[in-house]
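Trainee: Provided herewith is a single structure, encoded as structure tokens, for subsequent inquiry.
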Amino acid sequence: MRGGFFQFSPMFGEVQHNLGKILNAIHAFEGHLLVFPELALSGYQFLSRDEVCDLAEDIPSGPSIKSLEEAVRGRDLHVVVGLAERDHDRVYNSAVLIGPKGYIGSYRKTHLFFEETLWFASGDTGFLVWDIGRAKVGLLVCFDWFFPEAARTLAIKGADILCHPSNLVLPYCPDAMVTRCLENGVFAITANRVGREQRGDKPALPFIGMSEIVNPNGRILCRSSQKDEELRLCEMDIAEARDKRINPYNDLFKDRRPEWYVS
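Residues in the sequence shown are numbered consecutively from -15, following the working numbering.
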């Protein structure tokens, strides 16, 4: 199958502008699975919780979700998009999975980073895996990568591909995802953003780009630049993620000894 990402620079608060760029990327994409950045509709550097609430949408009934459904409907395509989710009096840093028949499911970010802890509720969905036909996919959002249990949980649940919407500012993740893929025998599509946000009297946040696709052997299939908007696509052989053998004597999952691990 062919998977890819769209690395771009969302404009803060300009939901229709950002949605337009996302829809254009969907229309131009010629693969089967396309991942977008974290908070791709709203931008990232909020100044207040009211601002978050104003830019958040209900899932799956929000207008942006409906536009995404229409763009994907009937195509051999699934997309993952990060957005702020409103659920009654709470807001979550979420990602949605949408396919040819519409909305499939959503994930709420488990590990909140930096000032996200001021605005968002901690995710309560747990780590979820969906079968999209060509592959089984699991969702992570940005800082979730820092906790190896997150990727391992998705792999144990059967994920072939980790879809990873991100707004990375720390430099470690692109290289660390090589280890996440190798230690779990999975693909990962990390869709980061580029650009810079500086609002109010807050320090500037420079986003590092370097979106990438990594295979189960830890090989980087493609990696984008640190500054440019890019729509990228790679071939992925899903059979590679389902063969957990390391050599004739070792199997990545069969050799696990969970009775000795700390839970």
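Here a beta-carbon is modelled for each residue, glycine too, at the ideal position from N, C-alpha and C.
It should be emphasised that the depicted structure is a prediction, and the values quoted were computed from it without experimental measurement.
(1) Excluding the 5 residues preceding and the 5 following G89 in the sequence, name in chain order all residues of the same chain whose CB lies nearer than 8 Å to its CB.
(2) Among Y76, W103, Y87, L102, which residue has its Cα nearest to the Cα of K93?
(3) Can you check DSSP and say which residues form a bridge with A56?
(4) What residue does the alpha helix (DSSP H) around W114 start on, and which one ends it?
(5) How far does the alpha helix (DSSP H) with K5 in it reach, from first residue to last?
(6) Can you tell me the Cβ-Cβ gap for L300 and S51, rounded? I've got them flagged as a contact below 8 Å.
(7) So which of P(-6), Q210, P155 has the shortest CA-CA distance to G27?
(8) For H16, count neighbouring C-beta atoms within 10 Å of its own C-beta (all shown protein chains included) and say buried if the count is 16 or more, exposed if not.
(9) Just how far apart, CA to CA, sit D144 and D185?
(10) Which one of I192, G179, V170 has the shortest CA to CA distance from L154?
(11) Between which two residues does the alpha helix (DSSP H) carrying L61 extend?
(12) What residue range does the alpha helix (DSSP H) around L166 cover?
(13) Please classify E248: does DSSP put it in a helix, a strand, or coil?
(14) Exposed or buried, E102, counting other C-beta atoms within 10 Å across all chains shown (16 or more means buried)?
(15) Near R229, which residues of its chain fall below 7 Å by C-beta distance, leaving aside the five closest residues on each side in sequence?
(16) State the start and end residues of the unbroken alpha helix (DSSP H) segment that holds C147.
(17) Leaving out five residues before and five after S209 in sequence, what residues of the same chain have Cβ atoms less than 7 Å from its Cβ?
(18) Which residue wins for smallest C-alpha separation from L96, given the options A68, D73, G122, K85?
(19) Under 8 Å, do V125 and P149 count as touching if we go by C-beta distance?
(20) Per DSSP, which one or two residues make a beta bridge with A172?
(21) Locate the alpha helix (DSSP H) running through I140, then write down its first and last residues.
(22) Starting from the C-beta of P200, find all residues in its chain whose C-beta is less than 7 Å away, skip the five residues before and the five after it, and write them out in chain order.
(23) On the criterion of 16 or more Cβ atoms from any shown chain inside 10 Å, does K141 qualify as buried, or is it exposed?
(24) Quick check on F127: buried or exposed, where buried means 16 or more other Cβ atoms within 10 Å of its Cβ?
Mentor: On the basis of the supplied data:
(1) The beta carbon of G89 lies closer than 8 Å to those of V80, L81, L112, W114 in the same chain, with the five residues before and after it left out.
(2) Nearest of Y76, W103, Y87, L102 to K93, Cα basis: Y76.
(3) Residue 56 is actually Val in this sequence, not Ala. None; V56 has no bridge partner.
(4) Taken as a continuous stretch (DSSP letters only), W114 belongs to no alpha helix (DSSP H), being part of the beta strand (DSSP E) at 113 to 115.
(5) Note, K5: alpha helix (DSSP H), -1 to 12.
(6) Residue 300 lies beyond the stretch modelled for the chain, which goes from -15 to 247, so this question has no answer here.
(7) Looking at the Cα atoms, P(-6) is the closest of the given residues.
(8) That one is buried.
(9) In this structure, the alpha-carbon of D144 lies about 42 Å from that of D185.
(10) Closest by alpha carbon: I192.
(11) Segment: none, L61 is in no alpha helix (DSSP H) and carries neither H nor E.
(12) From DSSP, the alpha helix (DSSP H) with L166 extends over 157 to 168.
(13) Outside the modelled stretch of the chain, which goes from -15 to 247, sits residue 248, for which no answer is possible.
(14) First, the residue type needs correcting, since residue 102 is Leu and not Glu in the sequence shown. Counting Cβ neighbours within 10 Å, L102 comes out exposed, since fewer than 16 surround it.
(15) Residues of the same chain with a CB within less than 7 Å of the CB of R229, apart from the 5 flanking positions on each side, are D235 in chain order.
(16) Boundaries for C147: no alpha helix (DSSP H) harbours it, while the beta strand (DSSP E) harbouring it runs 145 to 149, taken from the DSSP string.
(17) Excluding five sequence positions before and after S209, the CB atoms of its chain that fall closer than 7 Å to its own CB belong to G193, given in chain order.
(18) Nearest C-alpha to L96 among A68, D73, G122, K85: A68.
(19) Yes, the pair counts as a contact, with Cβ atoms nearer than the cut-off.
(20) A172 is bridged to L146, V198.
(21) Residues 132 to 140.
(22) Answer for P200: C165, G169, V170, F171, E224, A225, listed in chain order.
(23) Exposed, by the Cβ-count rule.
(24) Around the beta-carbon of F127, 16 or more other beta-carbon atoms lie within 10 Å, marking it buried.
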